[in-house]
Amino acid sequence: MPETEIEDERTSLLVPSDQSNTLYRTLSRISEPAEPVLPPDDTDTNAIANEETPAPSSDNNVWTTLSVLLLGVFISQTDASLVMAVYAKVASEFNDLDSGSWLMSAYILAQCVAQPLYGKLSDLFGRKALLQLSYVLFAVGTAGAGLSLSMGAVIVSRAVQGSGSAGMLAMVSIIITDLVPMNEVAVFRSYVPFILLAIILVQFRLHMAEKSVESTERTWDKLKRIDFIGAFFLCSTILAVCLVLDLGGKKVGWTSQSILVFGGIATLSAIGFVISARYAAEPILPLRLLTHYAVFTNSLMVFLQSSTQAALTLLIPVFFQVVKKASVAEAGAYLIPAFTGNLLGGLTSGYWIKRTGLFKVPTVVAPILSMACMALCLSTWHENISSWRAIVSLPGGFATAMVSSSTFVGAAAGVEHEDVAVAASTMYLLMNLGGVAGISVGSAVFEDTLRASLFKAVQGRADGQKSEPNATLHSSTAEVSVVALHLNIASTQSSKTQARLLVTFGNRLSGVKMQAFIMHNIPTMDLLWCASAIR
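Under my numbering, think of the first position of the sequence shown as 1, with each following residue one higher.
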């Protein structure tokens, strides 16, 4: 009796070369039954270390394709990093500080809305077509932002950029999953060396097997297979939830009419999406994936990790701008340790998974490193901080990258082949939602007490002049610091007032760090209590 091949982390995602008619491994195979998925009680140690998997393609071809794919990833990540450090300054140049945070919010909201669509659409229209579409959207948004003459136009362009960035990240991970064995997926995802050029390179250098059965299907037939109703309800739900998280506690109160309206829209849209998904022949996001043990646990880890890291990363430049009187460029430089940790964490996690076949160990270790990072921030960051202490943010970035790589492999290994693309899009969606939630909660914690604290700090001015708190205490965290710097509050006051301002900012940021520390305990408890995450 022939042995039944058991799939594990090392199983290649490519169809063996002796099969003439190939499909994407993330699509259902018409001629064969669905292969078994990893059972809930499977352990990492079941992977056979010496098992060899068929080579998907030559090393040269894989590395050539990889260099093309990661060009867009690098540009997308670089853009997000730069804007994070300078968006408040850009808003001040347009004399529209109240809208400054929308340069980030519009980008993230568009990412969240577009993210879940790429997986299913790439199954229907092909990976290359959707990847190039994402490049075009990002390029158009980038050009629009550079040519815009008003803040509103820049915000719209940032939204277009975000919709393209969503595909640039998700599609690269999906394509790598199609091209390489499972135990090497994390390695290829971890390389981020260096958008318009990428469109040309993809056209001539990215060669993938075409879908033999569906290749004759007309475009109109493909369009009829798309669950447009479900996509509408899903996007409406995501947009409404993101607006609640973005507006609540910062621009409007949590009990304001706007929050209640968006909350109601989110609830009704979610109900509509569930009903649509139950009856649609090919739902845009199958409900079974939302409760699948691999997708749920790994997505929860990504959500929590990205939320805590996003909150701290957004506030680092603000803190050093005020406490160290750093310029915009200098404040952005204080993010380098976190981004360096992100790079090192991705590489380390990728090589670990490749060499050992164990993808759950990095998932367990990462929250512990993050908690250590937050503990160091709480104990060493204060109003008299030394510049070198910015390096304590490195473990946080390291842990975030580890989780990003290991959870992706865990989710991909735990679902059926036809669900990999949708599962990947779902994970990226939760990652972006985590970022929105982290920024919202962190900003709310910071701002709820900052306005009153700053007002009290400037009441004892030695020069007898009366401050104008309404002119200086704006709603956004970054706007507070930038306006304060522009009005020279921290530099022209008496030494006593200046000291009080620095202590105020330091104490308020400590609240955010404590919030992040507490949230890092949640994924740790998730690992301890959710058996499917640690088996």
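Here a beta-carbon is modelled for each residue, glycine too, at the ideal position from N, C-alpha and C. None of these values were measured; they are calculated from a predicted model.
C-alpha of SER425 to C-alpha of VAL322: approximately 38 Å in a straight line. Here DSSP, grouped into helix, strand and coil, assigns GLY264 to helix.
One alpha carbon belongs to VAL261, the other to CYS377, and they sit about 38 Å apart. Under the DSSP assignment, LEU358 falls outside any alpha helix (DSSP H); it carries neither an H nor an E label. Taken through DSSP and simplified to helix, strand or coil, GLY272 comes out as helix.
Put simply, the backbone Cα of TYR107 is about 21 Å away from that of SER258. Nearest to VAL403 by C-alpha distance, out of VAL365, VAL420, ASN432, is VAL365. Approximately 5 Å separates the beta-carbon atoms of SER306 and GLY435; this is inside 8 Å, confirming the contact. Where LYS324 is concerned, there is no enclosing alpha helix (DSSP H), because DSSP gives it neither an H nor an E.
When DSSP states are grouped into helix, strand and coil, VAL252 belongs to the strand group. Fewer than three pairs of CB atoms, one per stretch, sit closer than 8 Å, so the region 348–357 makes no contact with the region 385–395. Annotated as distal: ARG127 and ASP79, with beta-carbon spacing of 8 Å or more. Distances from the CA of LYS89 to each of VAL136, GLU330, VAL422 were compared; the closest alpha carbon is that of GLU330.
Judged by DSSP in its simplified three-state form, VAL392 adopts helix.
In the structure shown, the three-state DSSP call for GLU93 is helix.
A direct Cα-Cα distance of roughly 46 Å separates GLU282 from ALA375. Annotation: the continuous alpha helix (DSSP H) that includes SER105 extends over 102–125. Around the beta carbon of ASN342, a 10 Å sphere encloses 16 or more other beta carbons of the protein chains shown; the residue is thus reported as buried.
Between SER405 and GLY346, the C-beta gap is smaller than 8 Å, which places the two residues in contact. Within 10 angstroms of the beta-carbon of LYS325 lie fewer than 16 other beta-carbons, which makes it exposed. Straight-line spacing of the CA atoms in THR142 and PHE273 works out to 32 Å.
With a cutoff of 8 Å on beta-carbon distance, ALA231 and LEU117 are scored as near each other.
Pairing ASN298 with THR400 gives a Cβ-Cβ distance that is not under 8 Å. In this structure, the alpha-carbon of GLY438 lies about 10 Å from that of ASP246. Each residue's CA atom was taken as its position, placing MET171 and VAL422 some 11 Å apart. Judged by DSSP secondary structure, VAL244 falls within the alpha helix (DSSP H) whose first and last residues are 228–247. By the Cβ neighbour-count rule, ARG288 is exposed, with fewer than 16 other Cβ atoms within 10 Å of its own. Under the three-state reduction of DSSP output, GLU416 falls in the coil class, being neither helix nor strand. Of all alpha-carbon atoms in VAL241, GLY100, PRO337, the one lying nearest the alpha-carbon of ALA110 is that of VAL241.
In the three-state reduction of the DSSP assignment, SER349 falls in the helix class, which pools H, G and I.
Distance check between LEU429 and each of VAL392, THR380, THR237, THR267 places THR237 closest, using alpha-carbon atoms only. The C-beta separation of ILE174 from SER122 comes to about 6 Å, placing the pair in contact by the 8 Å criterion. Counting along the chain, the unbroken alpha helix (DSSP H) around LEU289 starts and ends at 287–291. Closest option to ALA280, judged by alpha-carbon separation, among PRO395, PHE233, MET301, ALA311: PHE233. Contact between GLY396 and LEU312 holds: CB atoms are separated by about 6 Å, below the 8 Å threshold. DSSP, read as helix, strand or coil, puts ALA338 in helix.
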